[in-house]
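This report concerns only the one structure given below.
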Amino acid sequence: MLKKTKSTLICGLLLLISCNLQATMRCGTGLVDEGDSIEQVLQKCGEPNQREKTGQYIEADGIPAEGSVNEEDWIYGPDNGMYRYLHFINGRLVRLRSQRN
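Residue numbers for the sequence shown follow this note's numbering, beginning at 390 and rising by one.
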């Protein structure tokens with residue numbers, strides 16, 4: 390019974406640790422983390438190679454639809470065959486990933 394409890398505790402701790410990990414990307418001497426603002430990323434990494442904006446959905450009365458957000462997708466690279474993809478919602482980095490092509 391004690392072995393099962395230890396195993397459960399270890400699995401729970403590993404799950405907790407993995408849930409708290411954030412993706413990080415190095416730009417020169419700086420680090421970019423999820424949660425950083427567009428301004429912070431630009432300051433550390435400069436302009437991306439590609440940048441695509443999707444604005445909020447605006448209703449006929451000129452007011453943004455409820456729940457509508459501003460989104461931006463950025464691509465840096467290739468840098469030694471590595472591409473870095475960043476996704477922002479309302480000016481905050483919410484997802485970043487790297488992929489070698």
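Every residue gets a Cβ at the ideal spot worked out from N, C-alpha and C, and that includes glycine.
Given the structure is predicted, the values throughout are model-derived calculations rather than measurements.
Where residue 429 is concerned, the enclosing alpha helix (DSSP H) starts and stops at 427-434. Apart from the 5 residues on each side of it in sequence, residue 488 sits with its Cβ closer than 6 angstroms to the Cβ of 472 in its chain, given in chain order. For the options 432, 448, 423 and 483, the alpha carbon positioned closest to that of residue 457 is the one of 448. Rounded to the nearest angstrom, the Cβ distance from residue 486 to residue 463 is 12 angstroms, too far for a contact under 8 angstroms. Annotated three-state conformation of residue 474 is strand, per DSSP. Counting every other CB atom within 10 Å of its CB across the protein chains shown gives residue 420 a total below 16, marking it as exposed. Contact between residue 465 and residue 438 is confirmed by a C-beta separation of about 6 angstroms, below the 8 angstroms threshold.
Note on residue 422: under 16 other CB atoms within 10 angstroms of its CB, so exposed under the neighbour-count rule. In the three-state DSSP reduction, residue 418 falls in the coil class, being neither helix nor strand. Counted as a single uninterrupted DSSP element, the stretch harbouring residue 447 is not any beta strand (DSSP E), since DSSP gives it neither H nor E.
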